[in-house]
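Working notes for the structure below.
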Amino acid sequence: MAMAEIGFQQYGLWIHGEWEHPSHSMDVLNKYTQEKAATIAVAEKVHVEKAVEAAKAALKKSFSPYQRFEVLSKASRLLLEWRDEFSRILAIEVGKPIREARGEVERAALTLEISAEEAKRIHGEGIPVESAPGSENRMAFTIRVPVGVIAAITPFNVPLNLVCHKIGPAIAAGNSVVLKPAEVAPVSALMLAELLDEAGLPKGRFNVVTGNGPEIGDWLLENKDVRMFTFTGSPRVGEWIRQKAGIRKVALELGNNSATIVHNDCDLDKAASIISQKSFNNAGQVCISVQRVYVHKDVQETFINKLKEKTEVLKVGNPLDESTDIGPMIRMEEAKRVESWVQEAVDQGAKIVLGGHREGALYQPTILTNVNADMKVCRQEVFGPVVSIDTYSDFDDVIARVNDSDYGLQAGVFTNNLGLAMKAAREIEVGGVIINDASAYRVDHMPYGGVKRSGTGKEGPAYAIEEMTEERIVVFNV
Ligand SMILES: NC(=O)c1ccc[n+]([C@@H]2O[C@H](COP(=O)([O-])OP(=O)(O)OC[C@H]3O[C@@H](n4cnc5c(N)ncnc54)[C@H](O)[C@@H]3O)[C@@H](O)[C@H]2O)c1
Ligand SMILES: O=C[C@H](O)CS(=O)(=O)O
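Residue numbering for the sequence shown follows our numbering, beginning at 91 and increasing consecutively.
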C-alpha cells in the first residue's frame, strides 16, 4: 500500500517493513453504522515470534540520535499532511466526532515532534566517584542505553496519539517496537507503520501485530527477547501483564474514576463549560474524563443548572457530521453496560438531571445527582458519558472523598483560593492535580501517569524515555 492509497481496506501484519498476510482475518466495524469498514489480519504465534526477531535484529544496525530525530520529525510532518485521512479513519473506527478526531491527529503529530526533539537530549551525568577514599584516580559518568525490544499494547479510545506516546519515545531512545493495537480500532496504527516507513524508519524498528489480545499478549510475554512492556488499557489486563512480565520493565497507564472539585469561590460558568466538555468528549471514553464532580453546597443549584444548560445543547449522532459532539460508544454492549449502571444508581436513589437514554450504541450525555460513593457510577470507572454530582461543605472532607478511590490518575479543582489549591495539590493522591480546570487536562509533553490502580510509570516523551532506557555507569581507572 502506498501512502497515496490509504484508507479502509484489507490490512496484513507489518513485520520488518513488509506486509505479511496470515490465513485468518477479522473485521473492523464502522462504529456508527455497524457495517464492515476494514479487515485486519489475525496473527498466529509464528508471526509474533517473527516480529520480535525482526525488532531484535534491527537493534544491531546503527541508528544514531540525529537519524532518529530526522525520521520522527519527518513522520510528524507527514502525519499533518495526511491529517484529513487519519481523522476520517479515527471517526469511523472509534466513533469519535470528526472535530475531535482532527484534534487527536494534531496531537499525535506533536507527540512525534516532541519525541524527535528529545532524541537529541538523552544524556547521563557526571558521578564524583573520586570523592570516595581509594578512588582518587577514578572518574565516572552515566549514559542511558536503549532497553531493546519493547512490546507496546494500546487501547481503542485514543488509538493514534496513545500509540505515538509509545513508539515516539521508544524510537527516540534507540529501541525497537512490536505494537499490538486494540483490535476494535487498529487501522490508524497500521497506517502509521507505512507513514514511518516513508519517513525513513529502518526496517524492523517498528512492527505491528493484530488479532486476539489475550493470545498475542501471552506470546509476547512468553518471549524473553522482549525486554519491556508498555501497556495502556484496563487495570484488569495491566495487572495480568505485571504478574506475567516477571523482572522485566513494565509501564502501565490504566483507568480512573476521575474527580473534579467545584469550590464556592470559582468562576462557575467556566467550570460548567469545561466540565460539560470534559465529561462527554469521546462519549466519556477517556481515562481522565470527569466522572465524579464534588460541588460546594453554597453553589450546587447554580452549578447544576449551568452544567445542564451547557450539556443539553450537545449533539449526539454521526461522528462524520461536523456538528456532532458525541458519537457512539465503542460497542453496543458497552452502551448497554452504562445504561444498566445508571439504572442501578437510579434504583439506589440517584436522580437523573439530564439524559439516561440509549439508542443503539449512542448514549445520551447523562448528569446524575443524589449519588453515593458506593454506586458503580461513582466507585468504578464508567468509561461512558455519565457524570455524577455530589456536594460538600468542608474542604478536608472533600479531599478525603476524592481520595476514597482505588484509582489515582488526575483530579481537577476549581478554586481561586491559593491556600486551598495548594492543599489540594499536596493531599490529593493522584499523578496530576489540575487547578482551575478539570481532571481531563493534558498536553503531550507533560509527565502523565497515575498512582494506585491507575498504573505505574510516566508518559510524555521525556519521561517515557527515562522508562525506556537503562542507566549505565561507566567508571575509568586512570
Ligand atoms: N491511563 C491512560 O493513559 C489511559 C489511556 C487510555 C485508556 N486507558 C484505559 O483503558 C481502558 C479502556 O481501553 P480498552 O477497553 O481498550 O482496554 P483493554 O484493557 O480491554 O485493552 C487494551 C489492549 O489490551 C489488549 N489486551 C486485552 N487482553 C489482553 C491480554 N490478556 N494480554 C495482553 N493484551 C491484552 C487489547 O487487545 C488492547 O489492545 C480504560 O480502563 C481506560 O481508562 C488508560
Ligand atoms: O484516555 C486517556 C488519554 O490518555 C487522555 S488523552 O487523550 O491523552 O488526553
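The beta-carbon is built from N, C-alpha and C at its ideal position, and this holds for glycine as well. Source: prediction; values computed, not measured.
With a cut-off of 8 Å on the beta carbons, I'd call residue i and residue j a contact; round off their distance for me.
{"i": "residue 523", "j": "residue 514", "result": "6 Å"}
{"i": "residue 389", "j": "residue 504", "result": "Not a contact, Cβ separation roughly 10 Å."}
{"i": "residue 188", "j": "residue 325", "result": "With 8 Å as the limit, residue 188 and residue 325 do not qualify as a contact, their Cβ atoms being about 31 Å apart."}
{"i": "residue 253", "j": "residue 279", "result": "5 Å"}
{"i": "residue 301", "j": "residue 273", "result": "7 Å"}
{"i": "residue 525", "j": "residue 511", "result": "5 Å"}
{"i": "residue 396", "j": "residue 362", "result": "4 Å"}
Measure the CB-CB distance between residue i and residue j and report whether it falls below 8 Å.
{"i": "residue 494", "j": "residue 463", "result": "yes"}
{"i": "residue 127", "j": "residue 159", "result": "no"}
{"i": "residue 401", "j": "residue 455", "result": "yes"}
{"i": "residue 238", "j": "residue 311", "result": "no"}
{"i": "residue 382", "j": "residue 468", "result": "yes"}
{"i": "residue 559", "j": "residue 236", "result": "yes"}
{"i": "residue 380", "j": "residue 393", "result": "no"}
{"i": "residue 194", "j": "residue 180", "result": "yes"}
{"i": "residue 359", "j": "residue 142", "result": "no"}
{"i": "residue 184", "j": "residue 121", "result": "yes"}
{"i": "residue 168", "j": "residue 285", "result": "yes"}
{"i": "residue 163", "j": "residue 206", "result": "yes"}
{"i": "residue 540", "j": "residue 499", "result": "yes"}
{"i": "residue 501", "j": "residue 518", "result": "yes"}
{"i": "residue 475", "j": "residue 497", "result": "no"}
{"i": "residue 378", "j": "residue 532", "result": "yes"}
{"i": "residue 100", "j": "residue 129", "result": "yes"}
{"i": "residue 482", "j": "residue 398", "result": "no"}
{"i": "residue 555", "j": "residue 262", "result": "yes"}
{"i": "residue 492", "j": "residue 349", "result": "yes"}
{"i": "residue 234", "j": "residue 561", "result": "yes"}
{"i": "residue 276", "j": "residue 118", "result": "yes"}
{"i": "residue 356", "j": "residue 265", "result": "no"}
{"i": "residue 457", "j": "residue 439", "result": "no"}
{"i": "residue 298", "j": "residue 306", "result": "no"}
{"i": "residue 461", "j": "residue 289", "result": "no"}
Sorted by chain position, which residues of the same chain lie with C-beta nearer than 6 Å to residue i's C-beta, five sequence neighbours on each side aside?
{"i": "residue 309", "result": "135 and 138"}
{"i": "residue 267", "result": "240, 242, 257, 260 and 296"}
{"i": "residue 536", "result": "550"}
{"i": "residue 106", "result": "144, 293 and 294"}
{"i": "residue 287", "result": "107"}
{"i": "residue 407", "result": "414"}
{"i": "residue 147", "result": "294"}
{"i": "residue 335", "result": "319"}
{"i": "residue 459", "result": "441, 443 and 479"}
{"i": "residue 405", "result": "413, 414 and 415"}
{"i": "residue 472", "result": "381"}
Between residue i and the rest of its own chain, which residues show a CB-CB distance below 7 Å, the 5 nearest in sequence each way excluded?
{"i": "residue 217", "result": "230, 231, 232 and 563"}
{"i": "residue 102", "result": "109, 110, 111 and 131"}
{"i": "residue 220", "result": "226, 228 and 229"}
{"i": "residue 190", "result": "371 and 372"}
{"i": "residue 567", "result": "227 and 228"}
{"i": "residue 94", "result": "Note on residue 94: pLDDT 43, under 50, position unreliable in the model; no value is reported."}
{"i": "residue 364", "result": "527 and 528"}
{"i": "residue 140", "result": "105"}
{"i": "residue 354", "result": "386, 388 and 389"}
{"i": "residue 565", "result": "219, 228 and 230"}
{"i": "residue 192", "result": "173 and 177"}
{"i": "residue 165", "result": "202, 285, 286 and 289"}
{"i": "residue 215", "result": "231 and 232"}
Going by beta carbon distance, what residues of the same chain come within less than 8 Å of residue i, once the five residues before and after it are set aside?
{"i": "residue 534", "result": "197, 200, 201, 204, 251, 255, 550 and 551"}
{"i": "residue 426", "result": "448"}
Next on the checklist: For the structure I just gave you, are there three or more beta carbon pairs, one from the stretch 371 to 383 and one from the stretch 413 to 426, closer than 8 Å?
Outcome noted: yes
Next on the checklist: If contact is defined by three or more beta carbon pairs under 8 Å, each pair taking one atom from either stretch, is the stretch 317 to 334 in contact with the stretch 192 to 203?
Outcome noted: no
Item to check | Three or more C-beta pairs below 8 Å linking the stretch 336 to 351 and the stretch 532 to 546 | outcome: yes
Checklist entry - Of all the beta strand (DSSP E) runs that stay within the bounds of the stretch 433 to 476, which reach a length of 3 or more residues? => result Residue ranges of uninterrupted beta strand (DSSP E) with 3 or more members, entirely inside the stretch 433 to 476 and ordered along the chain, are 441 to 444 and 456 to 459.
Item to check | Complete runs of the beta strand (DSSP E) confined to the stretch 236 to 320 [at least 3 residues] | outcome: Runs of the beta strand (DSSP E) inside the stretch 236 to 320: 239 to 243, 266 to 270 and 296 to 298.
Next on the checklist: Please give me, in chain order, every unbroken run of the beta strand (DSSP E) with length at least 3 that falls completely inside the stretch 109 to 134.
Outcome noted: 115 to 119 and 126 to 131
Item to check | Inter-stretch contact at 8 Å, needing at least 3 Cβ pairs: the stretch 466 to 486 / the stretch 428 to 436 | outcome: Touching, yes, given that three or more Cβ pairs across the two stretches are closer than 8 Å.
Item to check | Every unbroken beta strand (DSSP E) within the stretch 353 to 437, with a cutoff of 3 residues, ordered by chain | outcome: 382 to 386
Item to check | Length at least 3, wholly inside the stretch 166 to 247: the beta strand (DSSP E) runs in chain order | outcome: If we require 3 residues or more, the beta strand (DSSP E) runs fully inside the stretch 166 to 247 come out as 228 to 236 and 239 to 243.
Item to check | Complete beta strand (DSSP E) runs within the stretch 470 to 525 (minimum length 3 residues, chain order) | outcome: 476 to 482, 500 to 504 and 522 to 525
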